[in-house]
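Taking it in order: structure first as structure tokens, then the write-up.
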Amino acid sequence: MGFLETIAESHRFASLGCFVFLVLLVYQLLKMIIAKSTRFNFSIKLFKYEITITIDDGKTN
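Just so we're aligned, residue 4 is where the sequence shown starts under the numbering used here, counting upward by one.
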């Protein structure tokens with residue numbers, strides 16, 4: 004049963020990490036809206052993959 008418990012625990016922590024990531028992303032977006040900023044850049048690198056989210060209206064201040 005140790006192997007099954009390990010798999011269950013790893014899935015629980017993976018889903019917790021995903022939840023924390025989404026909460027931080029929403030927090031950054033809300034902070035951007037409150038500050039009326041129109042530029043947002045988020046990048047995460049994991050092993051050989053890179054995920055980038057960019058929001059920019061093209062205006063300069």
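Glycine included, each C-beta is placed from N, C-alpha and C at the ideal position.
query, result
"Residue 51 Cβ short of 7 Å to the ligand HEM heavy atom set", "Ligands are entirely absent from the displayed structure, and the ligand HEM is therefore not among its contents."
"For residue 25 and residue 14, the rounded distance between their alpha carbons", "17 Å"
"Spatial neighbours of residue 55 in its chain, beta-carbon cut-off 6 Å, leaving aside the 5 residues before and after", "46"
"CA nearest to the CA of residue 133, picked from 11, 32 and 12", "With the chain represented from 4 up to 64, any question about residue 133 goes unanswered, as that position is not in the structure."
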